[in-house]
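Quick note, the sequence shown lines up with residues 1 to 166 if you use full-length UniProt numbering. Comments concern the structure below.
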Amino acid sequence: MSIRPENTFAHTTFEALVNVDEQIAHLKDGAYSKPVSDERFNAAKAGLEAKGFKVTVAENKDDAFEKLKTLIPAGVTVNVAHSTTLEEIGFINYLMGETPYINIRTKILAEKDPAKQAELRRILGTTVDYFLTSMCAVTENGEMSHGDFSGTKVGGVAYGAKNVVV
């Protein structure tokens, strides 16, 4: 078992945002940060499995970090769309170091020309072996809601990547 890297993205979490954004400061009450009940979690898990999704459950951040590493074989190409969950478990920082994967995101970010970088995101970023992201919502029926402002999450999930890990 390896040591899970620290989350260096704490400034981007919901907790950090409600402290600096007046428009959402009223959400500090925690209404959107409470864990789902076991009953609803199990219903969503069953719904996903009924639709053919493989569901891996983690008990905590360390467990999630280790399980995610076992889901991705060595030598494959990997890209990540923004995911606070992946940041919080330390996986984004892990990918920035020495890993057994080919991290396409570093190749994309190394390109400084915005037009060329956009083209790399479109061509390389969505056609990797493993695309890691998160969903906006998962229903108890196993349906997922997915979208983002720039569209970088959608392509890899909808049509490009060979495997998608949410």
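In this text, a Cβ means the ideal position worked out from N, Cα and C, and glycines have one as well. None of these values were measured; they are calculated from a predicted model.
Using beta-carbon positions only, say whether residue i and residue j come within less than 7 Å of one another.
| i | j | result |
| --- | --- | --- |
| Thr133 | Ala81 | yes |
| Ala115 | Ile89 | no |
| Lys28 | Val18 | yes |
| Ala43 | Glu140 | yes |
| Leu48 | Gly142 | yes |
| Thr62 | Arg122 | First, the residue type needs correcting, since residue 62 is Asp and not Thr in the sequence shown. Result no, Cβ atoms of Asp62 and Arg122 do not sit closer than 7 Å. |
| Leu71 | Val166 | no |
Per DSSP, which one or two residues make a beta bridge with residue i?
| i | result |
| --- | --- |
| Ser145 | Ala137 |
| Phe131 | Asn79 and Val164 |
| Asn103 | Val78 |
Note down, in chain order, each residue of its chain lying with its Cβ closer than 7 Å to the Cβ of residue i, except the 5 sequence neighbours on either side.
| i | result |
| --- | --- |
| Glu111 | Gln117 and Leu120 |
| Glu59 | none |
Can you tell me where the beta strand (DSSP E) with residue i in it begins and where it stops?
| i | result |
| --- | --- |
| Asn79 | Thr77 to Val80 |
| Asn163 | Asn163 to Val165 |
Name the two residues that bound the continuous alpha helix (DSSP H) containing residue i.
| i | result |
| --- | --- |
| Tyr94 | Phe91 to Leu95 |
| Phe53 | Element bounds for Phe53: n/a, residue is neither H nor E. |
| Thr70 | Lys61 to Leu71 |
Give me, in chain order, the residues of the same chain whose beta-carbon lies closer than 8 Å to that of residue i; leave out the 5 immediate sequence neighbours on both sides.
| i | result |
| --- | --- |
| Ile102 | Gly75, Val76, Thr77 and Val78 |
| Val55 | Lys45, Leu48 and Glu49 |
| Ala161 | Asn79, Thr126, Thr127, Val128, Asp129, Tyr130 and Phe131 |
CB-CB under 6 Å to residue i, same chain, minus the five flanking residues each way: which ones, in chain order?
| i | result |
| --- | --- |
| Asn163 | Tyr130 |
| Ile92 | Leu86 |
| Met144 | Met135 and Val138 |
| Lys153 | Ala81 and Thr133 |
At least three beta-carbon pairs within less than 8 Å, the stretch 14-27 to the stretch 106-114: no
The stretch 119-133 contacting the stretch 69-80, beta-carbon criterion three pairs below 8 Å: yes
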